[in-house]
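Report on the structure given below.
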Amino acid sequence: MVRMTREYAELHCLSNFSFQRGASSARELFERALRHGYKALAITDECTLAGIVRAWQASKSTGLPLIVGSEMHIENGPKVVLLVENQAGYEALCKLITVARRRARKGEYRLLREDFEPAPDGLLALWLPDLDGDAQACLAGGRWLRERFAERLWLGVGLHRGPDDEQRL
1283 MVRMTREYAE
1293 LHCLSNFSFQ
1303 RGASSARELF
1313 ERALRHGYKA
1323 LAITDECTLA
1333 GIVRAWQASK
1343 STGLPLIVGS
1353 EMHIENGPKV
1363 VLLVENQAGY
1373 EALCKLITVA
1383 RRRARKGEYR
1393 LLREDFEPAP
1403 DGLLALWLPD
1413 LDGDAQACLA
1423 GGRWLRERFA
1433 ERLWLGVGLH
1443 RGPDDEQRL
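And the structure:
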């Protein structure tokens, strides 16, 4: 069994409810997170909460806390993971998903910058900067997020096990 030496919670995890991106069920994800000594697990499927009921069941069966969230690509803007802090945040996330899905074709979504006016309460934002894109556009996206989320904005960092991981960090 692998044990982490520090407390760790995975805040960006896709399940098999993220079509063609996530492969594991919530049960499998929670069981593995428990084996690795995680303190909590966020299920953050892309623009959906479809897997949250199964994630909640897996959370209850393993005793590992669930953090509810969703990954979102803002049109002409940054990519973020929105994490629910409280009931108001859950309601705000549901509203954002509904608005984004209703304005697009089935199976797609369009989340616009104006959907964040006013800034939603009860959500934390993890900014996932596009390090392969235009640096100025990336920084502008970060500034835009900071204006909306202020102290509730965090920088998402991930280890992708690629040859340039050290350079990216």
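Heads up, the sequence shown is in this note's numbering, so the first residue is 1283 and it goes up one at a time. Virtual Cβ for every residue (Gly too), placed ideally from N, Cα, C.
DSSP beta-bridge partners of residue i
| i | result |
| --- | --- |
| Gly1351 | Leu1365 |
| Trp1409 | Val1362, Leu1437 |
| Ile1356 | Leu1393 |
Through-space distance from residue j to residue i, alpha-carbon basis
| i | j | result |
| --- | --- | --- |
| Arg1434 | Cys1420 | 19 Å |
| His1355 | Arg1288 | 31 Å |
| Asp1416 | Phe1398 | 23 Å |
| Thr1380 | Glu1448 | 38 Å |
| Arg1430 | Ala1401 | 5 Å |
| Ser1352 | Gly1440 | 16 Å |
| Trp1436 | Glu1390 | 26 Å |
| Lys1377 | Arg1314 | 31 Å |
| Ala1374 | His1318 | 32 Å |
| Glu1367 | Leu1405 | 6 Å |
| Ser1297 | Gly1438 | 18 Å |
| Gln1369 | Ala1432 | 20 Å |
| Leu1311 | Leu1293 | 13 Å |
| Val1362 | Ala1422 | 14 Å |
| Arg1336 | Arg1428 | 32 Å |
| Asp1446 | Thr1326 | 25 Å |
| Arg1395 | Cys1295 | 24 Å |
| Leu1331 | Asp1403 | 18 Å |
DSSP state of residue i mapped onto helix, strand, coil
| i | result |
| --- | --- |
| Leu1378 | helix |
| Ala1291 | strand |
| Leu1393 | strand |
| Leu1296 | coil |
| Leu1311 | helix |
| Glu1466 | Because the chain is modelled from 1283 through 1451, residue 1466 falls outside the range shown and cannot be assessed. |
| Ala1386 | coil |
| Ala1322 | strand |
| Met1286 | Low local confidence applies: a pLDDT of 49 at Met1286 is under 50, so the model's placement there is unreliable, and no value is given. |
| Glu1448 | helix |
Cβ distance (whole Å) where residue i is taken to contact residue j below 8 Å
| i | j | result |
| --- | --- | --- |
| Ile1349 | Ala1291 | 7 Å |
| Lys1346 | Leu1316 | Lys is not the amino acid found at residue 1346; the sequence shown has Leu there. With 8 Å as the limit, Leu1346 and Leu1316 qualify as a contact, their Cβ atoms being about 5 Å apart. |
| Trp1426 | Gly1359 | 6 Å |
| Leu1413 | Glu1357 | Actually they do not touch by this definition, with Cβ atoms about 20 Å apart. |
Original post:
Does the pairing of the region 1319-1331 with the region 1340-1359 give three or more beta-carbon distances under 8 Å?
Top reply: yes
**OP:** Tell me, please, whether the region 1379-1392 touches the region 1401-1419 by the rule of three or more beta-carbon pairs shorter than 8 Å.
**Re:** no
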